[in-house]
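All remarks here apply to the structure that follows.
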Amino acid sequence: MTTTMPIKIKADSRRQTLWTAHRNWMDRCWDSDGHYVNEKSPNTGGYRAMLWHCMAYLDGDAHHIERANRIIQTNFTDKPCHFTPNATIDLLIWHRQKLDETTLSLLKNNLRMNLSYACTEDLKIHGYNDNHPYKAMHALVLGGEILNDKRMVQIGLAKLKQAVAFFAHAGFPCEYNSPTYSFVSLVPLAGIVEHTRHPEARELALKLERFYWQDVALHFDARVGLPAGPFARGYASDYEAMLCNTTCLLAYLFPEQFAFDLLTELYDKGYDSQLIAPAVKDALPFVQAHMLFASATDFHLTPKLIQTLFEPRTNTTVKGIIESGTASIRWPDETDKPDGAPSTHHMGPRRSLITTWFGKNSSLGTAQYAWLNNTQAHGCIANIARENRRHPAANARYFSRFFLDDHCPYVYPTHLTPRFYEEAETRTVQHEMTAMVFYNPLPIHGRITQMRTGIFRPIRFNQPLEMRVDNTSLTHFNHIFDKPLTVTINEETAYVGIIPLRQTDHGQSCNAALQIMTRGDHLSILYSSLQDWSARDMSYDQIIQTHAGYIMEVHDADAFESFDDFCKMLGQATVNDNWYADMRTTQYTRPGLTLASCYSPWQSAFGHVSINGKAMEEPLLAVNNMTDPGCDLLMR
């Protein structure tokens with residue numbers, strides 16, 4: 063791969079416009095003493111969010127500057143925080159002269175106390191949450207320079223070197239393609255590049271910043287202006303394909319590239335914006351504050367990175383390896399521990415292949431293995447571009463979850479939450495527009511009433527044209543079937559097929575092996591492994607050896623004469639999904655493709671995976687049919 067010199071994406075005028083809009087909107091949130099008084103939204107985000115708000119206030123008139131000083135002093139805390147040192151540094155870089163002596167003393171003392179925490183060994187890249195180490199590096203390098211503490215700068219430099227060395231054996235970041243946290247890694251890295259006086263620290267941070275921009279660019283679906291493919295960590299905004307941090311950052315840096323205005327959505331529409339996920343609207347000031355966090359630096363992209371972000375893609379596959387650390391499950395409540403469970407259930411570490419395929423009007427992406435304990439990860443994501451318009455409303459999103467009991471906010475809509483957790487370990491096999499997704503429940507609870515696999519499709523912006531079950535067209539989207547059957551969906555520009563894999567059947571009290579339903583803004587396709595009238599005791603072995611999953615086919619509509627032809631093609635598919643000798647052996651065949659795999663739920667890794675009879679390749683990083691940004695950190 064080749065490299066090119068980065069160009070600085072300066073945002074001076076947009077920064078001033080953002081700060082002005084933020085000041086005007088936030089005036090309703092504070093009294094004259096700096097107390098938070100907005101009853102419509104709780105003061106989420108803690109002290110770091112208050113400091114982000116003050117980035118905008120300190121750019122205002124004397125009234126706003128006085129208010130910022132009051133906010134900082136009234137709400138001061140010396141509680142350790144990953145974010146607070148970065149917010150403090152940004153205020154000192156941009157607005158030091160506008161801080162009174164009391165405020166300046168508080169912030170500098172808080173920075174001194176937090177730098178020692180940033181030195182800890184766990185704040186390195188180990189296969190966990192990348193963004194925390196980068197915030198520590200930003201604090202150590204820039205905070206050390208502000209405090210004239212050379213030892214801290216050297217510790218930050220060592221952490222930067224360790225990160226670059228780590229990613230010599232990975233194609234993507236550990237916290238890969240996260241619509242929330244890629245942004246949180248990019249901001250401190252870009253801040254080091256922009257503000258440090260240390261040339262080696264700047265060079266290392268620039269390599270890492272470009273590595274993360276490459277992850278964003280290769281996974282960005284420019285047709286609809288949203289990230290595509292699986293991701294390590296996310297929330298409702300991310301898996302429901304609404305305004306996420308990645309899209310907000312790009313719309314801030316490249317406003318002319320999008321079919322919506324970011325500041326209009328965040329401030330003029332605010333609580334009434336249709337692009338902000340309902341589950342996070344009560345934290346709107348915190349959502350807005352994230353852009354203040356990003357505004358503290360300029361960013362550094364190569365022309366090839368920018369081209370990769372926004373160029374059209376057809377029949378393109380992106381593959382890369384990520385590394386995930388270890389995770390575990392323990393049971394503080396012994397009454398909820400599955401019978402026969404060890405004291406701790408261990409998972410990982412893993413090296414996982416991340417695959418994303420882009421068709422003309424669609425994309426499909428999977429993660430080969432679970433990330434950490436899998437709760438915030440999404441192992442299978444599909445986008446359908448219903449329109450060619452960089453706007454969330456142009457997209458139809460598909461995602462899935464294995465969930466227990468009533469833990470689904472779309473089946474039980476009173477449970478509105480920004481966190482719909484995965485409750486199973488995931489394994490996947492993907493070739494282009496076809497993916498096999500395997501689920502085995504995590505032994506989180508010992509008493510369970512229901513186990514279900516859900517494939518979800520938000521319908522707030524558009525709905526499928528047609529849905530068929532076992533080739534019978536549905537007149538509405540609320541049905542129950544006593545068998546797990548194939549579902550096909552006409553999305554106008556693309557067709558989606560969902561074929562159930564081996565469903566361990568622990569009993570169906572409601573006779574609902576397949577349920578299709580709409581509640582609120584979501585269409586749910588639910589395959590059941592267990593339904594009972596009340597909770598039953600389940601052993602550790604029973605839970606681990608419960609098999610579920612599905613095959614997802616996502617094809618551009620113009621590859622077929624009609625939706626009928628697509629359904630006929632899937633009608634020729636065969637599935638053999640067997641459990642024997644503690645191994646799950648699966649083969650899926652349809653015209654032109656055979657996928658095969660074998661694994662044991664007691665081990666993370668597949669025993670084997672083949673595509674059309676050949677062992678599947680697992681490249682460190684591979685890109686075809688698109689511009690190669692050339693920003694990887696592979697050893698040369």
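Quick note on numbering: the sequence shown equals residues 63 to 698 in my numbering. In this text, a Cβ means the ideal position worked out from N, Cα and C, and glycines have one as well.
Closest by C-alpha distance to residue i, when choosing among the options
i    : options                   : result
P394 : E385, T406, S386 and I383 : T406
G421 : T136, R285 and W595       : R285
A597 : S624, G569, D603 and M579 : G569
C572 : S601, I542, I587 and R581 : I542
P701 : Q336, R158, I151 and E183 : Outside the shown range of the chain (63 to 698) lies residue 701, about which nothing can therefore be said.
R412 : A389, A403 and T428       : A389
A497 : N552, V637, R481 and P374 : V637
Q430 : L466, R392, R459 and K381 : K381
L311 : Y243, D583, V549 and E256 : Y243
I551 : T566, W419, T418 and P526 : P526
T241 : D603, L657 and A303       : For the record, residue 241 in the displayed sequence is Pro; it is not Thr. Ranking the options by Cα distance to P241, first place goes to A303.
A575 : R564, H584 and G582       : R564
T490 : V671, D360, S535 and F625 : V671
R132 : M353, P505 and Y98        : Y98
A227 : V246, I187, Q216 and E207 : I187
Three-state secondary structure (DSSP) of residue i
i    : result
C116 : helix
L592 : strand
Y109 : helix
I187 : coil
V255 : helix
E680 : coil
Y333 : helix
H538 : coil
Q319 : helix
T417 : strand
P241 : coil
W87  : helix
M175 : helix
Q565 : coil
H493 : strand
H617 : strand
T82  : helix
A635 : coil
Q607 : coil
G296 : coil
Distance CB(residue i)-CB(residue j) smaller than 8 angstroms
i    : j    : result
I560 : I517 : yes
N445 : S462 : no
P104 : D334 : no
S659 : G410 : no
R295 : Q438 : yes
A111 : A351 : yes
N435 : I391 : yes
Q512 : D467 : yes
E21  : L588 : Since the first and last residues shown for the chain are 63 and 698, residue 21 lies out of range.
M214 : W156 : no
H260 : L219 : yes
N674 : T378 : no
P340 : L478 : yes
Whole-angstrom C-beta distance between residue j and residue i, which should lie under 8 angstroms
i    : j    : result
N640 : T651 : Rounded, the Cβ-Cβ distance is 14 angstroms, inconsistent with contact.
W51  : S357 : Because residue 51 is not part of the residues shown, which for the chain are 63 to 698, the question remains open.
Q319 : R452 : 6 angstroms
P480 : A298 : 4 angstroms
P520 : T428 : Actually they do not touch by this definition, with Cβ atoms about 20 angstroms apart.
E396 : A458 : Incorrect: roughly 45 angstroms between the Cβ atoms, too far for contact.
G205 : T359 : Not quite, the Cβ-Cβ distance comes to about 15 angstroms (not below 8 angstroms), so this is no contact.
M579 : N540 : 5 angstroms
Exposure label - residue i; buried when at least 16 CB within 10 Å
i    : result
V203 : buried
W433 : buried
E262 : exposed
S414 : buried
T309 : buried
K72  : exposed
W114 : buried
Y190 : buried
D89  : exposed
Q577 : buried
K366 : buried
W664 : exposed
T64  : Because the pLDDT at T64 is just 43, under 50, the model does not fix this residue reliably, and the value given afterwards should be weighed accordingly. By the 10 Å Cβ count, T64 comes out exposed.
I134 : buried
Q766 : Residue 766 is absent from the model: the chain starts at 63 and stops at 698.
Chain B within 8 angstroms of residue i, Cβ atoms only
i    : result
G382 : Here chain B cannot be found, since the structure has a single protein chain.
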